[in-house]
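Asker: If you read the sequences in order, they're chains S and E.
Going letter by letter, the first sequence gives residues 1 to 258 in UniProt numbering.
Going letter by letter, the second sequence gives residues 1 to 258 in UniProt numbering.
Sharing a structure below in structure tokens format, with a few things to ask.
2 protein chains.
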Amino acid sequence: MEKLSIVKIGGNIIEDDTSLNAFLKLFANLKGKKILVHGGGKRATAIAAKLGIESKMINGRRITDAETLEVITMVYGGLVNKNIVAQLQASNIDAIGLTGADINSMTSEKRPVKDVDFGFVGDVKKVAHNSIDKLIKADFTPVFCAITHDGKGQLLNTNADTITSQLAVGMSNLYETSIYYCFELDGVLKDINDKNSVIKHIDSSLYKELLEQGIIADGMLPKLENCFDALNHGVKTINMGNTNMLTQENDNFTRITL
Amino acid sequence: MEKLSIVKIGGNIIEDDTSLNAFLKLFANLKGKKILVHGGGKRATAIAAKLGIESKMINGRRITDAETLEVITMVYGGLVNKNIVAQLQASNIDAIGLTGADINSMTSEKRPVKDVDFGFVGDVKKVAHNSIDKLIKADFTPVFCAITHDGKGQLLNTNADTITSQLAVGMSNLYETSIYYCFELDGVLKDINDKNSVIKHIDSSLYKELLEQGIIADGMLPKLENCFDALNHGVKTINMGNTNMLTQENDNFTRITL
Chain S
1 MEKLSIVKIG
11 GNIIEDDTSL
21 NAFLKLFANL
31 KGKKILVHGG
41 GKRATAIAAK
51 LGIESKMING
61 RRITDAETLE
71 VITMVYGGLV
81 NKNIVAQLQA
91 SNIDAIGLTG
101 ADINSMTSEK
111 RPVKDVDFGF
121 VGDVKKVAHN
131 SIDKLIKADF
141 TPVFCAITHD
151 GKGQLLNTNA
161 DTITSQLAVG
171 MSNLYETSIY
181 YCFELDGVLK
191 DINDKNSVIK
201 HIDSSLYKEL
211 LEQGIIADGM
221 LPKLENCFDA
231 LNHGVKTINM
241 GNTNMLTQEN
251 DNFTRITL
Chain E
1 MEKLSIVKIG
11 GNIIEDDTSL
21 NAFLKLFANL
31 KGKKILVHGG
41 GKRATAIAAK
51 LGIESKMING
61 RRITDAETLE
71 VITMVYGGLV
81 NKNIVAQLQA
91 SNIDAIGLTG
101 ADINSMTSEK
111 RPVKDVDFGF
121 VGDVKKVAHN
131 SIDKLIKADF
141 TPVFCAITHD
151 GKGQLLNTNA
161 DTITSQLAVG
171 MSNLYETSIY
181 YCFELDGVLK
191 DINDKNSVIK
201 HIDSSLYKEL
211 LEQGIIADGM
221 LPKLENCFDA
231 LNHGVKTINM
241 GNTNMLTQEN
251 DNFTRITL
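Below is the structure:
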């Protein structure tokens, strides 16, 4: 199977044009077929504030009411996505910006109301891997923002990490798929207070050990759980590391495999 | 040659969800290959005002400074475009939303400063008809908003009528192309005060007559000049008429041919 790299960047780097442009040059240099996924929550929060819309969070999660969804659609789908596409075109990457509504690429279901009503938030149900592959086969590079749709005309806000892993699982039907989660840390740390304690390789058995020793906790725990879930559903390798270190050749990232 | 219909809707209909959804159903029912082009100026003006950004116009034309371009990118490329795409998906049209930056589809040049500095406004230089055709051949329906790019990373605001005619000229290399300009009037009127005076068919010789008689003037003059320019560059037919009358079979529109 041919290789496919799916790279995810978070909201922090999108705030800083210089860092973003440096990252996009690294992304442009990645070899082979590739997909970019981006968030943009911080920018959305700032523009919502300017528009007088309060960003409501419960347990660190955004409540997406109708007017917040409008802001997200403007900021993720328009401002952030189209500027990234234009920058990539300037680096000779034939990028195409997408939400899950475009080519019906990612269908989701509005999250049912239990204890909390998260509003217009979608949980991914289906990735149209064959339609997405038509774009890849045409030598276009998809750039996904964190928006899906329900197929009935409703756009839905969807976590960018989830979009990334669901996309990767879907594309694993057609490609040997690797994920690159890019963030501020150099990888998964053995000692959270020591930036130099990056674990180079985590497999299933080391993961169990680390869990038992309580080394993986807090924010990293759900991330790694999601990683092993994606690996168990066909994704080949997951890499986590610093946005400004992205290459396919280096071993700067934490590599995660079954 | 296979037929291709390119439909353009203006800013007014986008303001009204009920009219927009009714129009999108008519668009969905059009037979054969098709492309939609939309503006969104009124919505952009409203959101700019909410953000405290003054919309500067000279001779009825928007001056696009950096912060206005941000609003346009959010509103045209995000809010309006992605909601149209989601609605079309609900009508089983496999839509894909695009700016000129996506798949490098429309490259433009920042308008040179003469008497007026229009800011980040682009004049179309190149339509990548073969790239756009890859989407059409894959059975996707392109939905263009009124944004292009300069190929060097800069997005540019571009008149939606111009995008429509340039797209149509470009696609005429591959298809027998018809344009449908949809607006509030039933077509080109012989008597501007009589809504029932729609001229059913204008060809080159009638156009000359109407010009000589001074029947075509004001806003309609540049529109028709653009039409005949497009027809002289390969577009087969141009239709002008009421948004809520769009079908390929009826003769409600003014039909314009060489």
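Built from N, CA and C at the ideal position, the CB exists for glycine as well.
#1: Give me whichever residues DSSP pairs with residue 123(E) in a beta bridge.
#2: If you run the structure through DSSP and keep just helix, strand and coil, what is residue 95(E)?
#3: Determine the chain E residues that contact residue 70(S) at a beta-carbon separation under 7 angstroms, and present them in chain order.
#4: With distances taken from CA atoms, which of 121(E), 107(E), 54(E), 10(E) is nearest residue 81(E)?
#5: Please list the segments of the beta strand (DSSP E) lying wholly inside the stretch 25 to 106 of chain E, counting only runs of 3 or more residues, in order along the chain.
#6: Does DSSP classify residue 184(S) as helix, strand or coil?
#7: Check residue 231(E) in the structure and name its three-state DSSP category.
#8: Mind listing the chain S neighbours of residue 140(E)? Cutoff is C-beta to C-beta under 7 angstroms, in chain order.
#9: When we look at the beta-carbon of residue 233(E) and count the other beta-carbons within 10 Å, is it buried (16 or more) or exposed?
#10: Can you tell me where the alpha helix (DSSP H) holding residue 246(E) begins and where it ends?
#11: What residues of chain E sit near residue 50(S), judged by a beta carbon separation below 9 angstroms?
#12: I'd like the list of long-range same chain contacts for residue 185(S), defined as Cβ closer than 7 angstroms, with 5 residues on each side in sequence excluded.
#13: Closest to residue 150(E) by C-alpha separation, out of 5(E), 258(E), 183(E), 127(E), would be which residue?
#14: Please classify residue 173(E): is it buried, with 16 or more other beta-carbons within 10 angstroms of its beta-carbon, or exposed?
#15: Please confirm whether residue 101(E) and residue 72(E) have their CB atoms less than 8 angstroms apart.
#16: How is residue 167(S) classed by DSSP in three states: helix, strand or coil?
#17: Can you tell me whether DSSP reads residue 134(S) as helix, strand or coil?
#18: Give the straight-line distance between the Cα atoms of residue 157(S) and residue 192(E), rounded to the nearest whole angstrom.
#19: Within 10 angstroms of its Cβ, does residue 201(S) collect 16 or more other Cβ (buried), or is it exposed?
#20: To the nearest angstrom, how far is it from the Cα of residue 171(S) to the Cα of residue 177(S)?
#21: Nearest chain S C-beta to residue 223(E) closer than 8 angstroms, yes or no?
#22: I need the straight-line Cα distance from residue 52(S) to residue 183(S), nearest angstrom please.
#23: Whose CA, out of 36(S), 221(S), 187(S), lies closest to the CA of residue 98(S)?
#24: Quick one: is residue 2(E) buried, meaning 16 or more other Cβ sit within 10 Å of its Cβ, or exposed?
#25: Would you tell me roughly how many angstroms separate the C-alpha atoms of residue 205(E) and residue 258(E), rounded to the nearest one?
#26: Assign residue 198(S) to one of two classes, buried (16 or more other C-beta atoms within 10 Å of its C-beta) or exposed (fewer than that).
#27: Does the Cβ-Cβ distance between residue 34(E) and residue 5(E) come in under 8 angstroms?
#28: Near residue 14(S), what residues of its chain come up, given a Cβ to Cβ distance below 8 angstroms and the 5 sequence neighbours on each side ignored?
#29: Who are the neighbours of residue 189(E) on chain S, taking C-beta pairs under 7 angstroms?
#30: In this structure, does DSSP put residue 239(S) in helix, strand or coil?
#31: Against residue 149(E), what residues of chain S qualify as contacts under a CB-to-CB distance less than 9 angstroms, listed in chain order?
#32: Report the three-state DSSP secondary structure of residue 159(S) (helix, strand or coil).
#33: With a threshold of 6 angstroms on Cβ separation, who are the neighbours of residue 55(S) within its own chain once the five nearest residues in sequence on each side are excluded?
#34: Cα separation between residue 215(S) and residue 244(S)?
#35: Using the rule of at least 16 other Cβ atoms within 10 Å of the residue's Cβ for burial, across every protein chain shown, is residue 62(S) buried or exposed?
#36: Rounded C-beta distance between residue 138(E) and residue 230(E)? I'm assuming under 8 angstroms.
Answerer: Taking the structure as given:
#1: 109(E)
#2: strand
#3: 79
#4: 10(E)
#5: 33 to 38, 95 to 98
#6: coil
#7: helix
#8: 103
#9: exposed
#10: Counting along the chain, residue 246(E) falls outside any alpha helix (DSSP H), and DSSP gives it neither H nor E.
#11: 50, 51, 52
#12: 242
#13: 127(E)
#14: exposed
#15: no
#16: helix
#17: helix
#18: 47 angstroms
#19: exposed
#20: 7 angstroms
#21: no
#22: 30 angstroms
#23: 36(S)
#24: exposed
#25: 8 angstroms
#26: buried
#27: yes
#28: 20, 38, 39, 40, 42, 43, 80
#29: Here the premise fails: no neighbours, minimum Cβ distance about 35 angstroms.
#30: strand
#31: 82, 85, 86, 89, 90
#32: coil
#33: 45, 48
#34: 25 angstroms
#35: buried
#36: With 8 angstroms as the limit, residue 138(E) and residue 230(E) do not qualify as a contact, their Cβ atoms being about 26 angstroms apart.
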